[in-house]
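For reference, the structure discussed in these notes is given below.
Number of protein chains: 2
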Amino acid sequence: MYLLRVNMHTGSISKEPVEEDLIYLGGRGLSSKLIARDVPAHIEPLGNNNKLILAPGLLTGTSVPSSGRLSIGAKSPLTGTIKESNVGGTAGQRLARFGIKAIIIEEKPVDNSWYVLHVNSEKIELLPADYLAGKGNYDTAKELRKRYGDKVSIVSIGPAGESCFSAATVAVTNIEGNSSRHAGRGGMGAVMGSKQLKAIIVAKPDSTASLAPQQPERYKKAIKRFALALKSHPTTGKVLPTYGTTTLVKMVNELGALPTRNYSSGQFERAEEISGDTFLNLISQRGGRTGHACHPGCVIKCSNVFNSSEGEYVTSGLEYETIGMLGANCGISSLDVIAKADRLCDDLGLDTVETGAAIGIAMEAGILNFGDGEAMLSLIREVGKGTIMGRLLGHGSVITGKVLGVNRVPAVKGQSMAAYDPRTLKGVGVTYATSPMGADHTGGNGLGGDVDPLKPEGQIEYSIKFQEAAAYFDSLGLCWFTRAPILGDLTLVTEIANSLFGTDWGPEDIVNIGKMVMRFEKDFNKRAGFNESHDRLPEFMLTEKNRPHETVFDVSAPEMAKLFSKNT
Amino acid sequence: MYLLRVNMHTGSISKEPVEEDLIYLGGRGLSSKLIARDVPAHIEPLGNNNKLILAPGLLTGTSVPSSGRLSIGAKSPLTGTIKESNVGGTAGQRLARFGIKAIIIEEKPVDNSWYVLHVNSEKIELLPADYLAGKGNYDTAKELRKRYGDKVSIVSIGPAGESCFSAATVAVTNIEGNSSRHAGRGGMGAVMGSKQLKAIIVAKPDSTASLAPQQPERYKKAIKRFALALKSHPTTGKVLPTYGTTTLVKMVNELGALPTRNYSSGQFERAEEISGDTFLNLISQRGGRTGHACHPGCVIKCSNVFNSSEGEYVTSGLEYETIGMLGANCGISSLDVIAKADRLCDDLGLDTVETGAAIGIAMEAGILNFGDGEAMLSLIREVGKGTIMGRLLGHGSVITGKVLGVNRVPAVKGQSMAAYDPRTLKGVGVTYATSPMGADHTGGNGLGGDVDPLKPEGQIEYSIKFQEAAAYFDSLGLCWFTRAPILGDLTLVTEIANSLFGTDWGPEDIVNIGKMVMRFEKDFNKRAGFNESHDRLPEFMLTEKNRPHETVFDVSAPEMAKLFSKNT
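Read top to bottom, the protein sequences are chains X and R.
Numbering-wise (our numbering), the first sequence opens with residue 1 and increments by one.
Numbering-wise (our numbering), the second sequence opens with residue 569 and increments by one.
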């Protein structure tokens, strides 16, 4: 495998050997290592010196079930920290099967032209693409399929990324070619936009596996055992294939952690209307789908296809966090409105979490009313039009709150929280506060477990465990949902890794990957000026009691600082 | 003397004795000490827990020439650091003569009503003042004089402060009652607005001195000697009384440090049209004034009154920084437009430096054209109307740049630089980078001296010296211009202080006040999450060469960190 270095200034594209210390890194581990090592920590995220890294996970491209994640990393324009955001869809597996360990996008073109990077088995080239300027992700993918054939995978940015908005995503097409999978958090789309790279076109590789296993029989067995474990666990075998993450609406609402009307309550009185059951009913009435895979080889299939009442495709992969933030947090109880908003965000290339938080703030500021779905949809459309209000929204909740004069902003280090109120789910709150990537649910969100989510005790240890786990799942390229069986039996992973690589890893080696990756990240952040003082939730979460539990976030900041510094 | 504590939540007003360790603190020293000691460093600047401190300097209220400064301090909503901004005008002396060592404004009212604080010899009271809501500073002062008599001094905020905009100032009336003196930097007006305090009305005290000197004869002699030193120094005796600070336009332009069109050049081809000579000509043709004092007892009289071509009052105290930032930096060469913009900013309660920087950015973004004076004036008016564009501007250059997609933002720690390009004046650049208060010219701006401003060598020591000096001048309540004679002979100050207080200070004791004050401030900032990583100029100043000298800012950040950590 090799590193692909693309210099947007000179136009040079080079294949470089993988240094020895990078061999067992993949995904987030590799992107964070490369950024921490090669990007000076003080640089301007949208300037010439940032690098955008796209790295398939260590197992991505193999036949390991649900291992198709692609990590996208850079210094974040949203948080100023190191950032990695990973995504399903079909591109990650393909890049790995082309032998690409990571793509490193450097510098900026001299002109303001747009480019695409075309990756296929014959060659890899940068091509001018001004014909795509201003196009949404769906149309971009359509146009590129017209030019490069039906089978290509597309990694692209929408108008939000082109405008370098801090909440811009990178979209990846799913099996059907829809741009519905997004590396959503941290503004990776803005960094791609700053490089004037509109899309990466990935042909279908001839090879069907990135690596040949060292011990084929043992590997085959390990894969089978893992697939069975996923199939037989109630979460990955039943709940997720049936409901996807929409099952969380009811559960989180009952816990009292569903952000409602800009985090002014943890319960939404109309939660039933946006629940998994309602969702499922609509889907079955309208010919949509659940049990939908975002990439080949996923056995969980948590994705879905949501159609309009006329039976026409609206969006795919509608997630709990989107329903929570664009729904309850905005006082919206119509799944049709939420699905339309999701499609708009996907097309513009806009993080639904950040956007939902920003709209909740605009609603609190009186720009539009809580619950007004049509006003919400037109507000999102303004992002594409580049109006000042649209630009605010495109830069996320902190900027929106600052400019509109709202101090109740649910964010840490510039990034919005994701549909889990930390006053009720205090372990998630610790993750929001201390994650190297701002208030990111993907930084180590774990519901359940044996810690009472309402009490401060034990939350720090709980968060550390989940953050380290997220770091190694994201590095291996395993979908975070596979944790359902894995966290109880890490030999599911070591058996696969050892038979594949010929290593002799024990469970602690897997955990150590997570610890190491977090060290890379925290080291970068420290050099960029972050320290324990920044590991705090916003003041209103510490002082304003949340319904229904009448609790504030009360895990002690010095205690967090102490335990985390001990741990890293 | 006593501390006056005003709690806006309970409405309580209490006089408190001055603790022993506060006795020799005044102005910035006192405000920074109180904030560092009593305000938790992590609090939200516009939240309930910030405190606004108004403290006359240690010598303010005495007969010491040009000692009438009033310090206004808080945790800044613009920078997130501790902040002090000081101002002339008549209120500082009066508060001191009422025996008030500092006013501490705490918490917020339960309702959204506006209040005024009325200070007179009979009593001190908080009074409802919704009749002032939305009024500009000039009208506010007029209305309050109608109600409280012609002789009152007014400390007030305009619509920008009411809206809690981060670039909002606190205005103080001058001798004629015009609200033309402003504590401009760091958004102190926003903090006052967050407390719902529209104004402080200060009656004329019976006493004419805040303190009786311990050694009257020696004191009288020391005062005379100081006045003579000011009168006989060319800067304070001649240049400033004649031109005010407008003399700097030509000088800074010749040095190549006059920010032009959003810092894209250090020389403005039409600098002559906004120079001190042109200014003086207009003033003499139109019946304006120079040699105008902002408070009684000033012997320098650097202020001015600028009239329209019809001979009508437009503004007063038009400063170099305003001409530089609203003029050259916006490509504007009309002193009439600049004076109107200054008046608008004074009335809205908006920092002219921050506003000029933000407009330069809006011009670079294409919202209006460089040099379009009428468009600039209407843009400033939008701040008062509260449009989204006006809100952007009201929050300063960093927010404006972020939202409009301009990366060339001349700011440090959220605050704009003030009309001295640090690529040419590298000592000022070190001060911008390392001051505890963001890129603030008042943090220790010193032109001239024996260090070549274009070379990196010696700039750090130069900046440290001026920053410490600024800290003791601001604490003593001495106008920064009095440094002209004082920096060469600190006994001018020690003689005054020793005869007044009965102390036995040497010059090093005065310098130590500056060192101590900076320690209070850096300690607060450290607890708020700032460290040497934040002591940096924006990337474009390090990479983009400035005309005419073709230089970048090249004082090494690690070197700055090293010398400053040694020093504090």
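Here a beta-carbon is modelled for each residue, glycine too, at the ideal position from N, C-alpha and C.
This one's a predicted model, so the numbers in the text were calculated from it and none came from an experiment.
Output, in chain order, the set of chain R residues within a Cβ distance shorter than 9 Å of residue i.
{"i": "S207(X)", "result": "Per Cβ cutoff of 9 Å: no residues; S207(X) is ~41 Å from chain R at best."}
{"i": "E364(X)", "result": "By Cβ distance, chain R contributes nothing, its closest Cβ being about 15 Å from E364(X), past 9 Å."}
Are residue i and residue j close, meaning C-beta to C-beta below 7 Å?
{"i": "A628(X)", "j": "I380(X)", "result": "No answer is possible for residue 628(X): it lies beyond the span of chain X, which begins at 1 and ends at 568."}
{"i": "Q467(X)", "j": "V555(X)", "result": "no"}
{"i": "L627(R)", "j": "L1044(R)", "result": "yes"}
{"i": "M325(X)", "j": "A257(X)", "result": "no"}
{"i": "A190(X)", "j": "F226(X)", "result": "no"}
{"i": "P1053(R)", "j": "A797(R)", "result": "yes"}
{"i": "T260(X)", "j": "A362(X)", "result": "no"}
{"i": "A74(X)", "j": "N50(X)", "result": "yes"}
{"i": "C862(R)", "j": "R749(R)", "result": "yes"}
{"i": "G356(X)", "j": "R547(X)", "result": "no"}
{"i": "P781(R)", "j": "R665(R)", "result": "no"}
{"i": "S639(R)", "j": "N654(R)", "result": "yes"}
{"i": "R147(X)", "j": "E84(X)", "result": "no"}
{"i": "L960(R)", "j": "V971(R)", "result": "yes"}
{"i": "G950(R)", "j": "G958(R)", "result": "Checking the sequence, you will find Glu at residue 950(R) rather than Gly. Going by C-beta atoms, E950(R) is nearer than 7 Å to G958(R)."}
{"i": "G717(R)", "j": "M569(R)", "result": "no"}
What residues in its chain sit with their C-beta under 6 Å from that of residue i, if we drop five residues either side in the sequence?
{"i": "E932(R)", "result": "N830 and V974"}
{"i": "I581(R)", "result": "V574 and I692"}
{"i": "T247(X)", "result": "V239 and G276"}
{"i": "G879(R)", "result": "R854 and G855"}
List, in order along the chain, the chain R residues whose C-beta lies closer than 8 Å to that of residue i?
{"i": "V403(X)", "result": "I956, R959, L960, H963, I967 and V971"}
Measure how close the beta-carbons of residue i and residue j come, nearest whole angstrom, since I'm counting them as under 8 Å.
{"i": "A160(X)", "j": "A168(X)", "result": "4 Å"}
{"i": "N1093(R)", "j": "I650(R)", "result": "6 Å"}
{"i": "I1184(R)", "j": "K763(R)", "result": "Examination of residue 1184(R) is not possible in this model, given that chain R is present from 569 through 1136 alone."}
{"i": "P978(R)", "j": "P802(R)", "result": "Between P802(R) and P978(R) the Cβ distance is about 31 Å, and since that is not below 8 Å, they are no contact."}
{"i": "A339(X)", "j": "V305(X)", "result": "Not quite, the Cβ-Cβ distance comes to about 10 Å (not below 8 Å), so this is no contact."}
{"i": "G68(X)", "j": "G297(X)", "result": "6 Å"}
{"i": "I927(R)", "j": "I388(X)", "result": "15 Å between Cβ atoms; not a contact."}
{"i": "K703(R)", "j": "E711(R)", "result": "7 Å"}
{"i": "F564(X)", "j": "T424(X)", "result": "That belief does not hold up - the Cβ atoms of F564(X) and T424(X) are roughly 22 Å apart, past 8 Å."}
{"i": "L255(X)", "j": "P558(X)", "result": "Actually they do not touch by this definition, with Cβ atoms about 27 Å apart."}
{"i": "A209(X)", "j": "F520(X)", "result": "Not a contact, Cβ separation roughly 28 Å."}
{"i": "A1039(R)", "j": "G1006(R)", "result": "The pair is not a contact, with the Cβ atoms about 15 Å apart (cut-off 8 Å)."}
{"i": "M1128(R)", "j": "D1103(R)", "result": "6 Å"}
{"i": "P1004(R)", "j": "K1090(R)", "result": "5 Å"}
{"i": "Y320(X)", "j": "V249(X)", "result": "6 Å"}
What does a CB cutoff of less than 7 Å around residue i pick up in its chain, not counting 5 residues either side in sequence?
{"i": "S156(X)", "result": "N137, T140, A141, A171, S179, K198 and A199"}
{"i": "P990(R)", "result": "V996, G997, Y1000, L1105, M1109 and F1121"}
{"i": "S1031(R)", "result": "G995, V998, T999, T1002 and G1012"}
{"i": "D347(X)", "result": "G136, N137, Y138 and G158"}
{"i": "R145(X)", "result": "V152 and G177"}
Kindly list the residues whose CB is nearer than 8 Å to the CB of residue i, restricted to its own chain and excluding five residues on each side of it in sequence; keep chain order.
{"i": "H42(X)", "result": "R527, A528 and G529"}
{"i": "L1055(R)", "result": "A1037"}
{"i": "H577(R)", "result": "N616, E674, E675, K676, P677 and V678"}
For a contact defined as C-beta to C-beta under 7 Å, what are the partners of residue i on chain R?
{"i": "H534(X)", "result": "G1097"}
Residues of chain X with a CB under 9 Å from the CB of residue i: which are they?
{"i": "G615(R)", "result": "N407, E539, F540 and T543"}
Run through chain X and tell me which residues come within less than 7 Å of residue i, C-beta to C-beta.
{"i": "S731(R)", "result": "G405"}
{"i": "I611(R)", "result": "E539"}
Does the Cβ of residue i lie closer than 6 Å to at least one heavy atom of the ligand GTP?
{"i": "I274(X)", "result": "The ligand GTP is not part of this structure, which contains no ligands at all."}
Nearest chain C C-beta to residue i closer than 7 Å, yes or no?
{"i": "H1102(R)", "result": "The question asks about chain C, but that chain is absent: this structure's protein chains are X and R."}
If you pair each beta-carbon of the stretch 88 to 103 of chain X with each one of the stretch 48 to 58 of chain X, do three or more pairs fall below 8 Å?
Output reads yes: the stretch 48 to 58 of chain X touches the stretch 88 to 103 of chain X.
Any chance the stretch 896 to 905 of chain R sits against the stretch 687 to 701 of chain R, with 3 or more Cβ pairs inside 8 Å?
no
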